[in-house]
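Colleague: Take this structure first; my questions come after.
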Amino acid sequence: MEKNISKNILITGGAGFIGSHVVRRFVNQYRDYHIFNLDALTYAGNLENLKDVEQATNYTFIKGDIVDTECINDLFSKNKFDGVIHLAAESHVDRSIANPLSFVRTNVLGTVNLLNASLELAKNNPNFLFYHISTDEVYGSLGEAGLFTETTPYDPNSPYSASKASSDHFVRAYGETYQLPYVISNCSNNYGPNQFPEKLIPLFINNIIQNKPLPVYGDGNYTRDWLYVKDHAQAIDLVFHHGKKGETYNIGGFNEWKNIDLAHLLCRLMDKKLNKKEGTSEKLITFVKDRPGHDLRYAIDASKINQELGWEPSVTFEGGLEKTIDWYFDNQEWLDHVTSGDYLEYYKKQYQA
Ligand code: NAD
Ligand code: DAU
Numbered sequence: 014m015e016k017n018i019s020k021n022i023l024i025t026g027g028a029g030f031i032g033s034h035v036v037r038r039f040v041n042q043y044r045d046y047h048i049f050n051l052d053a054l055t056y057a058g059n060l061e062n063l064k065d066v067e068q069a070t071n072y073t074f075i076k077g078d079i080v081d082t083e084c085i086n087d088l089f090s091k092n093k094f095d096g097v098i099h100l101a102a103e104s105h106v107d108r109s110i111a112n113p114l115s116f117v118r119t120n121v122l123g124t125v126n127l128l129n130a131s132l133e134l135a136k137n138n139p140n141f142l143f144y145h146i147s148t149d150e151v152y153g154s155l156g157e158a159g160l161f162t163e164t165t166p167y168d169p170n171s172p173y174s175a176s177k178a179s180s181d182h183f184v185r186a187y188g189e190t191y192q193l194p195y196v197i198s199n200c201s202n203n204y205g206p207n208q209f210p211e212k213l214i215p216l217f218i219n220n221i222i223q224n225k226p227l228p229v230y231g232d233g234n235y236t237r238d239w240l241y242v243k244d245h246a247q248a249i250d251l252v253f254h255h256g257k258k259g260e261t262y263n264i265g266g267f268n269e270w271k272n273i274d275l276a277h278l279l280c281r282l283m284d285k286k287l288n289k290k291e292g293t294s295e296k297l298i299t300f301v302k303d304r305p306g307h308d309l310r311y312a313i314d315a316s317k318i319n320q321e322l323g324w325e326p327s328v329t330f331e332g333g334l335e336k337t338i339d340w341y342f343d344n345q346e347w348l349d350h351v352t353s354g355d356y357l358e359y360y361k362k363q364y365q366a
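For the sequence shown, the numbering used here begins at 14 and goes up steadily by one.
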């Protein structure tokens with residue numbers, strides 16, 4: 014381990030989509046921090062995401078499950094972390110509908126385990142911070158108008174969002190009850206390199222490459238607010254270093270798209286990329302059975318983080334999508350690896366109906 018380390022930071026879920034971008038950013042920007050990445054390497058975690066930082070002297074990977082109390086307590090007592098950035102979670106709504114208990118296990122029990130272990134460290138370190146990375150889905154669904162603010166009441170509709178709402182509540186409760194210093198951010202839909210191809214954008218890119226149907230749930234008139242993952246990682250950096258303790262920050266892209274319009278945009282960009290006649294990929298769009306409890310619309314008011322911390326997205330949606338498409342084209346091997354095994358079984362079950 015390097016000398017002159019000013020902080021030991023634990024990032025959980027660092028082998029996943031957003032976590033890998035956060036790990037890379039922290040390892041490269043803060044050479045005086047030691048970054049520990051704790052990840053169970055579920056189907057969604059992949060160390061190939063971090064090939065470029067694995068040799069860094071200020072980085073350590075630990076394979077472990079956040080639900081395993083012994084593993085967590087051991088890790089926390091050996092390494093006096095100054096902060097925890099907690100991203101490890103089961104993250105896919107459709108999987109939560111099929112198997113809610115695994116979401117309670119990881120997202121609720123795992124978070125409480127980390128909170129318990131953090132209490133010990135916070136007792137001896139007034140600068141300790143527990144940062145929970147959460148989602149806008151905890152606020153439930155918007156109608157055609159309005160935005161989620163930090164004071165919007167929680168109203169989760171899916172087992173995934175209920176588990177994230179619960180973990181947010183536990184974090185707040187530990188702040189109130191035990192004075193654990195914490196901060197929470199709730200972000201909208203991320204997209205970009207390394208996202209597992211079960212989520213809308215990488216699924217559609219992969220299916221267009223393979224000439225497979227593009228399953229649009231229901232009538233496709235559901236709206237999401239999309240943010241490029243590196244802009245989220247930058248926001249996380251700002252909140253971790255400058256966020257006010259005990260506060261929540263909403264993070265969003267000011268970038269709402271109906272799913273069906275996004276599907277058409279992706280088809281147009283992919284036709285260009287594949288040198289196909291315009292309209293070719295659109296023929297793959299297939300309307301399928303709706304997701305149960307499907308939230309109509311998410312949209313974030315990100316003015317608090319903008320005004321207090323000066324954050325705003327830096328990547329335009331078209332620019333971000335082009336970078337994302339290029340990344341999936343250049344990383345077919347990554348796609349092949351992550352879409353083998355468990356994923357194939359899941360995919361078959363999901364779309365046979
Ligand atoms: P992801 O599914 O890509 O990655 C999750 C990571 O957590 C994986 O590396 C997985 O191996 C690890 N993990 C899962 N269970 C674990 C356990 N029991 N112990 C240790 N590690 C475990 O998820 P993501 O999309 O990168 O999301 C990361 C976080 O950000 C989640 O907490 C999610 O709720 C939140 N979030 C995601 C989005 C989004 O659009 N993807 C938006 C807002 C918030
Ligand atoms: O809002 C933040 C959340 O965004 C995160 O907390 C979650 O971890 C992340 O998975 C994401 O949740 P969504 O359910 O919004 O993302 P998903 O990519 O699964 O779906 C986006 C929209 O597209 C949603 O309205 C459902 C629809 N959809 C999705 C898939 C996978 C389809 O129409 N067809 C599909 O095949």
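Think of the CB as a built atom: it goes at the ideal place given N, C-alpha and C, for glycine as much as any other residue.
None of the values given here were measured: they were computed from a predicted structure.
Since Gly-259 and Ile-313 should fall inside the 8 Å C-beta cutoff, what is the C-beta to C-beta distance between them, to a whole number of angstroms?
Modeller: Actually they are not in contact, since the Cβ atoms of Gly-259 and Ile-313 sit about 20 Å apart, beyond 8 Å.
Colleague: Would you say Asn-62 and Asn-207 are within 8 Å of each other, going by their C-beta atoms?
Modeller: yes
Colleague: Near Ser-327, what residues of its chain come up, given a Cβ to Cβ distance below 7 Å and the 5 sequence neighbours on each side ignored?
Modeller: Asp-244
Colleague: Cα separation between Glu-291 and Arg-281?
Modeller: 6 Å
Colleague: Run through DSSP, which three-state label would Phe-141 get?
Modeller: coil
Colleague: Which residue wins for smallest C-alpha separation from Ser-115, given the options Gly-205, Ile-318, Ser-176, Lys-302?
Modeller: Here the closest residue by C-alpha is Ser-176.
Colleague: Can you tell me which of the three DSSP states Gln-365 falls into?
Modeller: Interpretation of Gln-365 is limited by its pLDDT of 49, a score under 50 that renders its predicted location unreliable; the figure taken from the coordinates is listed afterwards. In this structure, Gln-365 counts as helix in the three-state DSSP scheme.
Colleague: Give a single yes or no on whether Phe-141 has its beta carbon closer than 7 Å to a heavy atom of the ligand NAD.
Modeller: no
Colleague: Just to confirm, are Leu-251 and Leu-322 a CB contact at a threshold of 8 Å?
Modeller: yes
Colleague: Compare the beta carbon distance of Ile-1 and Asn-71 with 8 Å and say whether it is the shorter of the two.
Modeller: Within the shown structure, residues of the chain are numbered from 14 to 366, placing residue 1 beyond reach of any answer.
Colleague: Starting from Phe-300 and walking both ways along the beta strand (DSSP E), at which residues does that stretch end?
Modeller: 298 to 301
Colleague: Determine the closest residue to Glu-331 out of His-350, Asn-268, Asn-170, with distance taken between C-alpha atoms.
Modeller: Asn-268
Colleague: Decide if Leu-309 is buried, meaning its Cβ has at least 16 other Cβ atoms within 10 Å, or exposed.
Modeller: exposed
Colleague: Compute the beta-carbon to beta-carbon distance between Val-35 and Leu-100, rounded to the nearest angstrom, for a pair I have assumed lies under 8 Å.
Modeller: Right, the Cβ-Cβ distance comes to about 7 Å (below 8 Å), so this counts as a contact.
Colleague: Could you say which of Asp-284, Val-196, Ile-214 lies nearest to Thr-337 if we only look at CA atoms?
Modeller: Restricting attention to Asp-284, Val-196, Ile-214, the CA atom closest to the CA of Thr-337 is found in Ile-214.
Colleague: Of the choices Thr-299, Ile-249, Ser-198, whose alpha-carbon is the least far from that of Pro-226?
Modeller: Thr-299
Colleague: Mind checking Asn-59: buried by the 16 CB within 10 Å criterion, or exposed?
Modeller: buried
Colleague: What are the complete beta strand (DSSP E) segments, minimum 3 residues, inside the segment 205 to 276?
Modeller: 227 to 230, 236 to 241, 261 to 264, 269 to 271
Colleague: Confirm, please, whether the CB-CB distance from Thr-293 to Ser-198 is below 8 Å.
Modeller: no
Colleague: Whether or not the segment 120 to 129 and the segment 270 to 277 are in contact is what I'm after, with contact meaning three or more pairs of Cβ atoms, one per stretch, closer than 8 Å; do they touch?
Modeller: no
Colleague: For Glu-335 and chain B, any beta-carbon pair shorter than 8 Å?
Modeller: Any reference to chain B falls outside this structure, which holds one protein chain only.
Colleague: Please classify Gln-247 as buried or exposed, where buried requires at least 16 other C-beta atoms within 10 Å of its C-beta.
Modeller: buried
Colleague: Comparing the CB of Leu-348 with every heavy atom of the ligand DAU, is any distance shorter than 7 Å?
Modeller: no
Colleague: Using 7 Å as the cut-off, classify the Cβ of Asn-272 as near or not near the heavy atoms of the ligand GTP, replying yes or no.
Modeller: The ligand GTP is absent from the structure shown, which contains only the ligand NAD and the ligand DAU.
Colleague: Would Tyr-46 pass as a contact of Ser-90 if the rule is Cβ separation under 8 Å?
Modeller: no
Colleague: Taking the beta carbon of His-254 as the centre, do at least 16 other beta carbons fall within 10 Å, making it buried, or is it exposed?
Modeller: exposed
Colleague: Under the rule that 16 or more other beta-carbon atoms within 10 Å means buried, what is Ala-111, buried or exposed?
Modeller: Exposed, since its Cβ has fewer than 16 Cβ neighbours within 10 Å.
Colleague: Determine the DSSP secondary structure at Ser-353, reduced to helix, strand or coil.
Modeller: coil
Colleague: For Ser-174, I'd like the list of residues in its chain whose CB is within less than 6 Å of its CB, leaving aside the five on either flank, ordered along the chain.
Modeller: Glu-150, Val-151
Colleague: Using C-beta distances below 6 Å, list every residue in its chain close to Lys-205, excluding the 5 sequence neighbours before and after it, in chain order.
Modeller: Contrary to the premise, residue 205 reads as Gly rather than Lys in this sequence. Excluding positions up to five away in sequence, the list reads Tyr-241, Val-242, Thr-337.
Colleague: Extract the residue ranges of the alpha helix (DSSP H) inside the segment 30 to 56, only unbroken runs of 4 or more that lie entirely within it.
Modeller: Counting only runs of at least 4 residues, the segment 30 to 56 fully encloses the following alpha helix (DSSP H) elements, listed from N- to C-terminal order: 30 to 42.
Colleague: Take Asn-86 and list the residues in its own chain whose beta-carbon comes closer than 7 Å to its own, dropping the five residues that flank it on each side.
Modeller: Ala-130
Colleague: Report yes if the CB atom of Ala-57 is closer than 8 Å to the CB atom of Gly-77, and no otherwise.
Modeller: In this structure, Ala-57 keeps its C-beta atom at 8 Å or more from the C-beta atom of Gly-77.
Colleague: So if DSSP puts Val-196 in a beta bridge, which residue, or which two residues, is it bridged to?
Modeller: Beta bridge pairing from DSSP links Val-196 with Tyr-144.
Colleague: Count the other CB atoms, across all protein chains shown, that sit within 10 Å of the CB of Thr-148; report buried if there are 16 or more and exposed otherwise.
Modeller: buried
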